[in-house]
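Colleague: Going by my numbering, the first residue of the sequence shown is number 1, and it counts up by one from there. Quick reminder that beta carbons are idealized off the backbone N, C-alpha and C, glycines included. Since we're looking at a predicted model, the values are computed, not measured. Below: one structure in structure tokens.
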Amino acid sequence: MSRFANLKKVALAIFAIAMLSLLPAKARSATAAANVGEKQNTLLPQYDLSKEIKVQGTIEKIDNSGDTAPLGTHLQVETAKGAVDVHLGMLNLASRKALGLSQGESVTITGMMEDLGGNSVLLARILQTSSNIFVLRSRTGLPVRSLMLRGRSSTSNEKGGL
Numbered sequence: 001m002s003r004f005a006n007l008k009k010v011a012l013a014i015f016a017i018a019m020l021s022l023l024p025a026k027a028r029s030a031t032a033a034a035n036v037g038e039k040q041n042t043l044l045p046q047y048d049l050s051k052e053i054k055v056q057g058t059i060e061k062i063d064n065s066g067d068t069a070p071l072g073t074h075l076q077v078e079t080a081k082g083a084v085d086v087h088l089g090m091l092n093l094a095s096r097k098a099l100g101l102s103q104g105e106s107v108t109i110t111g112m113m114e115d116l117g118g119n120s121v122l123l124a125r126i127l128q129t130s131s132n133i134f135v136l137r138s139r140t141g142l143p144v145r146s147l148m149l150r151g152r153s154s155t156s157n158e159k160g161g162l
């Protein structure tokens, strides 16, 4: 496939995402509920900033297998109050490699707890390591499609900006 064709596909995907983000959150939720025949959208929970919490801990496990709902990269973070299952996202941008994460690393995560598939999961919106801050979801909970980071490092190899 030519580079132009790939760029065209990326541009189309960005346009589609932008159009979807213009829809009011309630309309997206109601449409999804009608399509699924449920009162609540279980594919993309309604993100509520008033329920946002911040946890600090150490990464005990990083799982990209997609075996746990929701699909995508999960961290098992050990906090002072116990282990927390943290969902980072579904894209390669939320992978261990892309974020430079490692077991034993200290992290601070801002997100909303949600019960998904019988599991209590922290939907991470912001992930902070000792050197970077990664914005993984928008304030409405939609996954950020390009990696936004802010950190002490000022190298030109960084992706995005905040």
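What does DSSP give as the partner residue(s) for Asn92 in the beta ladder?
Modeller: Note: Asn92 sits in no beta bridge, so no partner.
Colleague: Confirm, please, whether the CB-CB distance from Leu123 to Gly111 is below 8 angstroms.
Modeller: For Gly111 and Leu123, yes; Cβs fall inside 8 angstroms.
Colleague: Taking the alpha-carbon positions, what's the Gly141 to Gly89 distance?
Modeller: About 11 angstroms.
Colleague: With a 10 Å radius around its C-beta and 16 neighbouring C-beta atoms as the bar for buried, classify Ile53 as buried or exposed.
Modeller: Classification of Ile53: exposed, given that the 10 Å Cβ count is below 16.
Colleague: With a threshold of 16 other CB atoms inside 10 Å of the CB of Leu136, please say whether the residue is buried or exposed.
Modeller: It is buried - the Cβ of Leu136 has at least 16 other Cβ atoms within 10 Å.
Colleague: Which same chain residues, not among the five before or five after Val55, have their C-beta less than 6 angstroms away from its C-beta?
Modeller: Here the set comprises Thr79, Val84, Ile109.
Colleague: On the DSSP letters alone, give me the boundaries of the beta strand (DSSP E) that Arg125 sits inside.
Modeller: Its beta strand (DSSP E) spans residues 119-128.
Colleague: Which residues in the same chain have their Cβ closer than 6 angstroms to the Cβ of Pro70, if we skip the five residues on either side of it in sequence?
Modeller: Once the five neighbours on either side are set aside, the close Cβ partners of Pro70 are His87, Leu116.
Colleague: Kindly list the residues whose CB is nearer than 8 angstroms to the CB of Ser130, restricted to its own chain and excluding five residues on each side of it in sequence; keep chain order.
Modeller: Only Glu105, Ser106 meet the Cβ criterion.
Colleague: Assign Leu49 to buried or exposed, taking buried as 16 or more other Cβ atoms, counted over all protein chains shown, within 10 Å of its Cβ.
Modeller: Its Cβ having fewer than 16 others within 10 Å, Leu49 is exposed.
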